[in-house]
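The block underneath contains the structure these notes are about, expressed in structure tokens.
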Amino acid sequence: MRDDARACVIIPVYNHAEAVGRTCQALRRLDVPLLLVDDGCELACTAVLERLASAPRTHLLKLPYNQGKGAAVKAGLREAQRLGFTHALQVDADGQHDADDLPPFLAGLNADDTTLRIGYPRFDASVPRHRFYARYLTHSLVWLSTLSFALRDTMCGVKLYPVAATNRLVARHPCGDRMQFDTELPVRWIWAGAPVENLPVRVSYPLDGVSHFAMWRDNRQLTAMHLRLLAGMLRRLPRLLCRRVRMTRSTG
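Residue numbers (my numbering): 63 to 314.
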């Protein structure tokens with residue numbers, strides 16, 4: 063990073079008491095502050111987070127009750143801006159993501175860099191096959207909603223946000239408080255014509271991993287989100303097509 067950029071890592075946490083300590087230990091190799099967001103955790107996990115927050119360059123933001131991953135990330139982004147950070151790297155608490163692949167997300171940053179850097183997963187053999195193939199339904203809907211292949215994988219839990227620009231977008235379009243946030247924000251980022259960069263991240267699924275995906279609730283919310291995004295694409299269709307024509311001409 064350049065001298066004028068200040069980055070942190072945002073870690074949304076909901077009852078990952080067993081994994082979050084190992085995750086923080088790995089992320090400290092990035093040599094940037096950590097911002098833990100306690101999304102209404104149970105007492106045992108909250109105690110772990112308070113202990114972790116006693117370490118240097120570690121902040122803890124406590125939410126009064128569980129609000130969902132999207133709400134936790136948004137609260138973390140607001141807190142990151144209050145603390146003076148220009149960029150925030152979102153990383154899941156469960157240790158799925160290989161920390162050795164994260165330095166490129168922070169490389170070459172300057173304070174005015176407005177590129178949204180998004181991780182796309184390189185899975186190992188531990189990935190459940192149904193999750194691997196189901197992702198392509200989301201990919202297809204995202205590509206249709208943006209009329210482009212600019213977003214390789216919106217569902218990955220690693221994203222580098224330009225803090226001020228992201229908070230401005232969220233103020234206009236909240237993008238959901240739960241699982242919808244990871245996908246809706248990048249789609250709206252593309253609609254706004256803002257730059258995106260896709261970077262690889264190795265992902266493994268621990269045998270004792272904790273999933274907070276609620277099948278009926280989250281699938282219902284995700285379906286509503288995709289319908290809303292497809293309707294938004296249709297409203298923006300002339301502009302998106304013009305942009306695509308300009309890009310084709312510039313690369314041709």
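The beta-carbon is built from N, C-alpha and C at its ideal position, and this holds for glycine as well.
Roughly how many whole angstroms lie between the Cα atoms of residue i and residue j?
i, j, result
"Cys70", "Ala142", "8 Å"
"Arg279", "Arg184", "28 Å"
"Leu122", "Asp162", "24 Å"
"Gly238", "Leu284", "9 Å"
"Met287", "His235", "12 Å"
"Arg230", "Thr176", "12 Å"
"Met241", "Val153", "14 Å"
"Lys221", "Asp215", "11 Å"
"Arg193", "Glu246", "19 Å"
"Val82", "Asp244", "20 Å"
"Leu114", "Arg84", "11 Å"
"Leu105", "Glu112", "10 Å"
"Lys136", "Pro74", "10 Å"
"Met295", "Arg250", "10 Å"
"Pro118", "Gln87", "12 Å"
"Thr108", "Leu206", "41 Å"
"Leu292", "Arg264", "30 Å"
"Val307", "Tyr267", "40 Å"
"Ser202", "Leu289", "13 Å"
"Val232", "Trp253", "14 Å"
Please state whether DSSP places residue i in a helix, a strand or coil.
i, result
"Ala227", "helix"
"Arg290", "helix"
"Arg264", "strand"
"Asp270", "With a pLDDT of only 46 at Asp270, under 50, the local geometry of the prediction cannot be trusted, and the value read off the model is given with reservation. Residue state, collapsed to three classes: coil."
"Pro74", "strand"
"Gln158", "coil"
"Val258", "strand"
"Ala150", "strand"
"Ala69", "strand"
"Ala169", "coil"
"Asp175", "coil"
"Leu164", "coil"
"Leu145", "coil"
"Arg298", "coil"
"Ala81", "coil"
"Asp93", "coil"
When we look at the beta-carbon of residue i and count the other beta-carbons within 10 Å, is it buried (16 or more) or exposed?
i, result
"Asp156", "buried"
"Arg311", "exposed"
"Val110", "buried"
"Asn77", "buried"
"Ser116", "exposed"
"Ala227", "buried"
"Cys304", "exposed"
"Ser188", "exposed"
"Asp270", "Confidence in Asp270 is poor, its pLDDT being 46 and thus under 50, which makes the residue's placement unreliable; the coordinate value appears in the next sentence. Exposed: under 16 other Cβ atoms inside 10 Å."
"Ala169", "exposed"
"Met309", "exposed"
"His300", "Strictly speaking, residue 300 in this sequence is Pro, with His absent from that position. The residue in question, Pro300, is exposed, as its Cβ has fewer than 16 Cβ neighbours within 10 Å."
"Gly130", "buried"
"Phe211", "exposed"
"Ala133", "buried"
Can you give the beta carbon distance from residue i to residue j, rounded, assuming they're within the 8 Å contact cut?
i, j, result
"Gly219", "His149", "The Cβ separation is near 17 Å, so there is no contact."
"Leu89", "Leu98", "Going by Cβ atoms, the distance from Leu89 to Leu98 rounds to 10 Å, so no, they are not a contact pair."
"Asp93", "Leu125", "Wrong, their Cβ atoms sit about 27 Å apart, outside the cutoff."
"Pro262", "Tyr182", "6 Å"
"Ala256", "Leu178", "7 Å"
Does residue i have its Cβ less than 8 Å from a Cβ in chain B?
i, result
"Ala187", "The structure shown has no chain B; it contains just one protein chain."
Consider the C-beta atom of residue i and the heavy atoms of the ligand ADP; say whether any pair is separated by less than 7 Å.
i, result
"Ala137", "Among the components of this structure there are no ligands whatsoever, and the ligand ADP is therefore not found."
**Message:** Give the list of continuous alpha helix (DSSP H) stretches no shorter than 4 residues that lie fully inside the stretch 178-249.
**Reply:** 191-208, 225-234
**Request:** Quick one: which unbroken alpha helix (DSSP H) runs of 4-plus residues sit fully inside the stretch 97-138? Chain order, please.
**Result:** 105-115
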